[in-house]
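> Mapping of the sequence shown onto the working numbering: residues 1465 to 1981, in sequence order. Glycine included, C-beta positions come from ideal geometry on N, C-alpha and C. One structure is given below, represented as structure tokens, and several questions about it will come after.
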Amino acid sequence: MANDENFMRAPAPQPRKTIYTEAMEIFHRASDLMGLDRRVRLELEEPDYEHIFYLTVKLKDRLVPLAPEAARPFADLPVTKLRDANGMEPLSDGKIILNGKALLGSDVSIRSGHLRLPDGNVYQLVPGETERFKAYRVQHNQARGPYKGGIRYHREVSLDLFKALAAEMTWKTAIADVPFGGGKGGIQIDPRQYGREELQSVSLRFMYKLKSLIGPNVDIPAPDVGTNGEIMALFLRQYSDGEHERHNMRGVVTGKDVRIGGSEGRVKATGQGVAFCIEDYFAEKNESLRGKTMIVQGFGNVGSHGAEILQGMGARLLAVNDADGTIYNPDGIDASALMAYVHANPKNLKRSVAGFPGAQTISKKDFWEIQADILIPAALGGEITADIAEKLKVKLVAEGANGPTTPEADRVLEKRKIDLIPDIVCNAGGVTVSYYEWVQNKRMERWTEAEVRQRLEFAIKSNYRVIRDISRCSPRRTDMHDSRLFCIDRPVDSRCAAMILALKRIEAHYQLEGFSQ
């Protein structure tokens, strides 16, 4: 009977693996290996604060294209000739933002809310409505300084994701050895489906709600996926408007345009840091980058600048994959020309590499199987799974994105002896130059691009060398770095080594400053 009861009893539910719990696996592994102080460990296991809030924005009128069958009843509808074509803003989903003033003085033919444009398509006029957006800010830890981390505009964000990204910023700022903690936030929105003025309204309303949570010495946002220097300028204005000493508040956000307090070299800083890590990886092997081949996943800020800088160092770009397409050229792709096609082409509304004339189209599956020296994942997290890691034909994975490789894929890469430069050092160039920008704002100074580049190169390469020493259990001191305080009693993989460096620096702050009561 007892056996029957055991058979019928439901098994205990297994804890669900979330983005955050998966991201924290390396934290727990490194903590165990180094014997992290228990109280410090508890402080770091969960964020200090998790904020969820909502904002509403009145959207503009839209022209929505009709499918051919739906447009058939309007075949005889005359073409509407707009007086001011600039009153229309096309979006990546085929819709058009319509500025009402564009219809004033125009030759307009509307039937049942439909009109035909010179492109031959029939559109339905949909009045703008008020929309509500979900927003987040996670503040993970401030033991070493103000919370620091980007603002992301993306349709697939969540509290769980921002917890993982905020924790990663805590590790990253410690590895970069800048006096910040970690934070992250953003809005659940696809920015490609909204017009420029709508995104301005969303950004201003977001900062209005966020203002009480941040400050130049409290929490310092920066650009991330879906945001840029233009949005940082809006944040700065909204935060500082009406304040008596508004010019002392420029450090409330980083990643600004140089003309309003940004730093030279900030736009390409993350890609520059990726390039410095890769350069140092090969330099240690007494190899140059000349003739090395690379494939890049994601061609936003990090992927594009990283590829262009590495191309300038002699590497050759073979293939690029993004959310909307994959291109390949065995003879090499001109990274600068591709940047212009993606980021400076008004007709490329999706900002995609798809259709680039200097390469052929291939599948994403084929992309992962291209033979190359270097893979730079520079898109979103979790892209390199164990299955993909089994197919890779590269020697080095240099993580330009945050968390692009799953823990299972890490183990596959290690088994296959594919080297890895972990994200928390490889893409730390952005937050490092954000610190330089913050310092310049504090001091009311302006550094040259050459000075920023020199400082960044030293910071990235010296910290990367400490991580290599920890990985090999080879403590030493050189003119450029000192790893003697950070090595433990055994070799570890590179990701674990990076986490150990971060945790030892954070632990030192707690041990020296104590815990406030």
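Out of S1573, S1570, L1581, point me to the one whose CA is closest to I1560's CA.
To locate residue 1560, count along the sequence shown from 1; it is residue 96. The residue with the shortest Cα to Cα distance from I1560 is L1581.
> So the alpha helix (DSSP H) I1797 belongs to, where does it begin and stop?
The count along the sequence shown starts at 1 and reaches residue 1797 at position 333. No alpha helix (DSSP H) contains I1797, which is instead part of the beta strand (DSSP E) from 1789–1797.
> Within the segment 1680–1738, note down every full alpha helix (DSSP H) run reaching 4 residues or more, in order along the chain.
Listed in chain order, they are 1693–1704.
> When the distance is taken between beta carbons, is D1887 closer than 8 angstroms to P1871?
Within the sequence shown, the letter at position 407 stands for residue 1871. Within the sequence shown, the letter at position 423 stands for residue 1887. In this structure, D1887 does not lie closer than 8 angstroms to P1871 by Cβ.
> Take every Cβ of the segment 1640–1651, pair it with every Cβ of the segment 1609–1618, and state whether three or more of those distances are shorter than 8 angstroms.
Contact between the segment 1640–1651 and the segment 1609–1618 is present, because at least three Cβ pairs lie under 8 angstroms.
> Could you tell me the alpha carbon to alpha carbon distance between F1471 and I1885, rounded to whole angstroms?
Locating residue 1471 in the sequence shown gives position 7, where the first residue counts as 1. Locating residue 1885 in the sequence shown gives position 421, where the first residue counts as 1. Reliability fails at F1471, whose pLDDT of 45 lies under 50, so the model's placement of it is uncertain and no value is given.
> Leaving aside the five residues before and after P1542 along the sequence, list all residues of the same chain whose C-beta is less than 6 angstroms from its C-beta, in chain order.
Locating residue 1542 in the sequence shown gives position 78, counting from the first residue. For P1542, where only same-chain residues beyond five positions count, the Cβ hits under 6 angstroms are S1573.
> How is the alpha helix (DSSP H) around L1589 delimited, first residue to last?
Along the sequence shown, read from residue 1 onward, the residue named residue 1589 stands at position 125. Element bounds for L1589: not the alpha helix (DSSP H) but the beta strand (DSSP E), 1586–1590.
> In the DSSP assignment, find the beta strand (DSSP E) that holds Q1652 and state where it starts and stops.
As a working mapping, residue 1652 is identified with position 188 in the sequence shown. 1646–1652 is the span of the beta strand (DSSP E), which, as asked, contains Q1652.
> So, is M1963 buried or exposed, given that buried needs 16 or more other C-beta atoms within 10 angstroms?
As a working note, residue 1963 is residue 499 in the sequence shown. Classification for M1963: buried.
> Give me whichever residues DSSP pairs with Y1518 in a beta bridge.
Stepping through the sequence shown from its first residue, residue 1518 is reached at position 54. DSSP, once it has assigned bridges, lists K1598 as partnering Y1518.
> Answer with buried or exposed for G1725, where buried requires no fewer than 16 other C-beta atoms within 10 angstroms of its C-beta.
Start at 1 with the first residue of the sequence shown, and residue 1725 comes out as number 261. The residue in question, G1725, is buried, as its Cβ has 16 or more Cβ neighbours within 10 Å.
> Let's test the definition: count the other Cβ atoms within 10 Å of the Cβ of D1874 and tell me whether it reaches 16, buried, or not, exposed.
Position 410 of the sequence shown, counting from 1, holds the residue named residue 1874. So D1874 ends up on the buried side.
> Can you tell me the Cβ-Cβ gap for S1495 and L1965, rounded? I've got them flagged as a contact below 8 angstroms.
As a working note, residue 1495 is residue 31 in the sequence shown. As a working note, residue 1965 is residue 501 in the sequence shown. Contact doesn't hold; Cβ gap of about 13 angstroms is too wide.
> With distances taken between CB atoms, is the gap from F1670 to L1519 smaller than 8 angstroms?
For the purposes of this step, residue 1670 is taken as residue 206 along the sequence shown, with counting starting at 1. For the purposes of this step, residue 1519 is taken as residue 55 along the sequence shown, with counting starting at 1. Taking 8 angstroms as the Cβ cut-off, F1670 and L1519 qualify as a contacting pair.
> Short of 7 angstroms in beta carbon distance, which residues of its chain neighbour Y1805, apart from the five on each side in sequence? Order them along the chain.
Against the sequence shown, residue 1805 aligns to sequence position 341. Contacts found: N1812, F1820.
> Shortest alpha-carbon distance to R1880 belongs to which of D1851, A1539, V1602?
On the sequence shown, residue 1880 is found 416 positions in, with the first residue counted as 1. Comparing Cα-Cα distances from R1880 to each of D1851, A1539, V1602, the minimum goes to D1851.
> Which residues in the same chain have their Cβ closer than 7 angstroms to the Cβ of L1668, if we skip the five residues on either side of it in sequence?
Locating residue 1668 in the sequence shown gives position 204, where the first residue counts as 1. Cβ neighbours of L1668 beyond the five flanking positions: L1698, Q1702.
> If you reduce the DSSP assignment to three classes, tell me which class L1568 lands in.
Taking the sequence shown and counting its residues from 1, one reaches residue 1568 at position 104. Three-state DSSP puts L1568 in coil, outside helix and strand.
> With a Cβ-Cβ cutoff of 8 angstroms, do I1759 and A1836 count as a contact?
As a first step, residue 1759 is located in the sequence shown; it is residue number 295 there, counting from the start. As a first step, residue 1836 is located in the sequence shown; it is residue number 372 there, counting from the start. Taking 8 angstroms as the Cβ cut-off, I1759 and A1836 qualify as a contacting pair.
> Taking its Cβ as the centre, do 16 or more other Cβ atoms sit within 10 Å of L1825, making it buried, or is it exposed?
Looking up residue 1825 in the sequence shown gives position 361. The displayed chain sequence assigns Thr, not Leu, to residue 1825. Looking at its Cβ environment, which holds fewer than 16 other Cβ atoms inside 10 Å, T1825 is exposed.
> Hey, how far is the Cα of Y1899 from the Cα of P1532?
Taking the sequence shown and counting its residues from 1, one reaches residue 1899 at position 435. Taking the sequence shown and counting its residues from 1, one reaches residue 1532 at position 68. Approximately 53 angstroms, taken between the alpha carbons.
> Pull up the CB-CB distance for A1640 and N1927, whole angstroms please, since I reckon it's below 8 angstroms.
The residue labelled residue 1640 in the question sits at position 176 within the sequence shown. The residue labelled residue 1927 in the question sits at position 463 within the sequence shown. At roughly 7 angstroms, the Cβ-Cβ gap stays under 8 angstroms, so A1640 and N1927 are in contact.
> Output needed for V1504: all residues of its chain with C-beta closer than 6 angstroms, excluding positions within five of it in sequence on either side, in chain order.
Along the sequence shown, read from residue 1 onward, the residue named residue 1504 stands at position 40. Excluding positions up to five away in sequence, the list reads E1971, Y1974.
> With 16 as the cutoff for other CB atoms within 10 Å, does R1723 come out buried or exposed?
In the sequence shown, residue 1723 corresponds to position 259, counting from 1. With fewer than 16 other Cβ atoms within 10 Å, it is exposed.
> DSSP state of K1906, grouped into three classes?
As a first step, residue 1906 must be located in the sequence shown, where it is residue number 442. Looking at K1906 - three-state DSSP - the assignment turns out to be helix.
> At a cut-off of 7 angstroms, is D1512 close to the ligand ATP when judged by its beta-carbon and the heavy atoms of the ligand?
Questions concerning the ligand ATP fall outside what the structure shown contains, since it holds no ligand whatsoever.
> What ranges does the beta strand (DSSP E) occupy inside the segment 1866–1904, keeping only unbroken runs of at least 3 residues that lie completely in it?
Qualifying beta strand (DSSP E) stretches, in chain order: 1883–1885.
> When you compare only the Cα positions, how much space is there between I1791 and V1817?
Along the sequence shown, one-based indexing puts residue 1791 at 327. Along the sequence shown, one-based indexing puts residue 1817 at 353. Straight-line Cα distance between these residues: approximately 7 angstroms.
> From the DSSP secondary-structure annotation, give me the bridge partner or partners of Y1745.
Here residue 1745 is taken as the residue at index 281 of the sequence shown, counted from 1. Its beta-bridge partners do not exist; DSSP assigns none.
> Among I1678, T1691, P1511, whose alpha-carbon lies nearest the alpha-carbon of A1607?
Here residue 1607 is taken as the residue at index 143 of the sequence shown, counted from 1. Closest by alpha carbon: P1511.
> Whole angstroms are fine: how far does the CA of D1548 sit from the CA of G1577?
Indexing the sequence shown from 1 puts residue 1577 at position 113. Indexing the sequence shown from 1 puts residue 1548 at position 84. Going from the Cα of G1577 to the Cα of D1548 covers about 20 angstroms.
> In terms of residues, what are the limits of the alpha helix (DSSP H) holding R1936?
Within the sequence shown, the letter at position 472 stands for residue 1936. It spans 1913–1936 - the alpha helix (DSSP H) in which R1936 sits, taken as one unbroken run.
> Return the chain-ordered list of same chain residues with a C-beta closer than 6 angstroms to the C-beta of L1546, the five sequence neighbours on each side being excluded.
On the sequence shown, position 82 is the one that residue 1546 refers to. Closer than 6 angstroms at Cβ, skipping near neighbours: A1566, S1570.
> Are G1755 and N1793 closer than 8 angstroms when you measure CB to CB?
Counted from its first residue, the sequence shown places residue 1755 at position 291. Counted from its first residue, the sequence shown places residue 1793 at position 329. Result no, Cβ atoms of G1755 and N1793 do not sit closer than 8 angstroms.
> If you run the structure through DSSP and keep just helix, strand and coil, what is G1776?
The residue given as residue 1776 occupies position 312 in the sequence shown. In the structure shown, G1776 sits in a helix (DSSP, three-state: H, G or I).
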